[in-house]
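Have a look at the structure below before the remarks.
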Amino acid sequence: MNVGQVLAAARALGVDRLDAQWLLAHHLQCTRAWLLAHEDHGLAPEMARTIGEQLARRAAGEPLAYLLGEREFCGLKLQVSPAVLIPRPETELLVDWATQLLPTAPSAEVVDLGTGSGAIALALAARRPGLAVTATDASDSALAVARGNAQRLGFKIDFALGPWWAPLAGRRFGLALANPPYVAEGDPHLADLVHEPVSALTAGGQGLDELRRIVAGAAAHLQPGAWLLLEHGHDQGPAVREMLKAAGFFLAQTRTDLAGQDRCSGGRMPMFDQELTPEAHG
Ligand code: GLN
């Protein structure tokens, strides 16, 4: 079998041409441009068989990132497995926002809650050498993926096993971020995401339960003046801002993604203790 025949087989299976090219490029360790000029390049039978199997799995809906075992996020090549959510490009917005806030953060101690593959934690560590990055996750197998990524990329992250703030008793941070599960129960979009860990995608009811847990625990783990930044669904901005305000955060605000959809919200802890009292909100 040659490159052109694989692409034809992919087309017959209904696999996106770009996905088939990425698979080929991955196995042949070449660029997609090279493939275009080498349609008659022959594949070893073993490789052709593997690619054929993967094309069938792709046709059945398995995400390309799991087939390749990797996904790029903020310019970092991360290994991913079905134990972790596949990092999404829109989550880079959360990293960008955090990067802008870091120079004025009360300390260089940052925490990524529910780190999954380690994407957010590693992207921040890569952008700001010297940052002390902590990352938690309730899933042991997710943390194993994150640890592997940290090791491979050469970043030292302080990993802790447990849900959200639970493994961080007595610790306070200068900035906190999370991309928690927020898809509402029964959202039809979930049908497209059956290969990813459901615990990384959905939070019961309106999808706000885990966001609420994170906000509820924040005051005990943030330094005065620290920001909490949360990714959420396109229709959850108002609810998340309300949560933040009710928990004593100031400057609650929402940012939109490249598609113009509400995508993350954040707020800042008061600078002084007296700002924490409800009266101070007026
Ligand atoms: N943004 C993802 C999606 O809708 C969901 C990720 C999440 O729940 N944190 O595909």
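To convert a position in the sequence shown, counted from 1, into the numbering used here, add 3. Built from N, CA and C at the ideal position, the CB exists for glycine as well.
Tell me whether leucine 88, by its Cβ, gets closer than 8 angstroms to a heavy atom of the ligand GLN. The residue you call residue 88 lines up with position 85 of the sequence shown. Under cutoff, so the answer is yes.
Contact test: tyrosine 185 Cβ vs the ligand GLN heavy atom, cutoff 8 angstroms: Locating residue 185 in the sequence shown gives position 182, counting from the first residue. Correct: tyrosine 185 has its Cβ closer than 8 angstroms to the ligand GLN.
When we look at the beta-carbon of leucine 39 and count the other beta-carbons within 10 Å, is it buried (16 or more) or exposed? The sequence position of residue 39 within the sequence shown is 36, counting from 1. Classification of leucine 39: exposed, given that the 10 Å Cβ count is below 16.
Since tryptophan 25 is in the alpha helix (DSSP H), which residue starts that stretch and which ends it? Along the sequence shown, read from residue 1 onward, the residue named residue 25 stands at position 22. Looking at the DSSP string, the run of the alpha helix (DSSP H) that includes tryptophan 25 is 20-31.
Classification of arginine 35 by the beta-carbon crowding that lies within 10 angstroms, buried from 16 upward: Taking the first residue of the sequence shown as 1, we reach residue 35 at position 32. When all chains shown are included, arginine 35 counts as exposed.
Inspect the beta-carbon positions of alanine 172 and proline 184 and report whether they are closer than 9 angstroms. In the sequence shown, the residue the question calls residue 172 occupies position 169. In the sequence shown, the residue the question calls residue 184 occupies position 181. It is not a contact, given that the beta carbons lie outside the stated cut-off.
Indicate whether threonine 137 and alanine 163 have their beta-carbon atoms separated by less than 9 angstroms. Reading the sequence shown from its first residue, position 134 is the one you call residue 137. Reading the sequence shown from its first residue, position 160 is the one you call residue 163. Yes, they are a contact pair.
Could you compute how far the alpha carbon of proline 66 sits from the alpha carbon of alanine 128? Numbered from 1 along the sequence shown, position 63 holds the residue referred to as residue 66. Numbered from 1 along the sequence shown, position 125 holds the residue referred to as residue 128. Whole-angstrom Cα-Cα distance: 27 angstroms.
Do alanine 153 and glycine 121 have their C-beta atoms closer together than 9 angstroms? Position 150 of the sequence shown holds residue 153. Position 118 of the sequence shown holds residue 121. The answer is yes: Cβ separation under 9 angstroms.
Assigned secondary structure, glutamine 82 (DSSP; H/G/I helix, E/B strand, else coil): Within the sequence shown, residue 82 is the residue found at index 79, counting from 1. The answer is strand: DSSP assigns glutamine 82 an E or B state.
Among Leu16, Leu46, Ala15, which residue has its Cα nearest to the Cα of histidine 29? Numbered from 1 along the sequence shown, position 26 holds the residue referred to as residue 29. Minimum Cα distance to histidine 29 is reached at Leu46.
Same chain, Cβ closer than 7 angstroms to lysine 80, neighbours up to 5 away in sequence not counted: Counting from one through the sequence shown, the residue named residue 80 turns up at place 77. These residues qualify, in order along the chain: Glu73.
How big is the Cα-Cα spacing for glycine 165 and leucine 180? Looking up residue 165 in the sequence shown gives position 162. Looking up residue 180 in the sequence shown gives position 177. In a straight line, the C-alpha of glycine 165 is about 16 angstroms away from that of leucine 180.
Which of helix, strand or coil does DSSP assign to aspartate 115? Counted from its first residue, the sequence shown places residue 115 at position 112. The answer is strand: DSSP assigns aspartate 115 an E or B state.
Going by DSSP, name the residue or residues bridged to glutamate 188. In the sequence shown, counting from the first residue as 1, residue 188 sits at position 185. In the DSSP output, where bridge partners are listed per residue, glutamate 188 has none listed.
Drop a sphere of 10 angstroms on the beta-carbon of arginine 266, count the other beta-carbons inside from all chains shown, and report buried for 16 or more, exposed for fewer. By one-based count along the sequence shown, residue 266 stands at place 263. With 16 or more Cβ atoms within 10 Å of its Cβ, arginine 266 is classed as buried.
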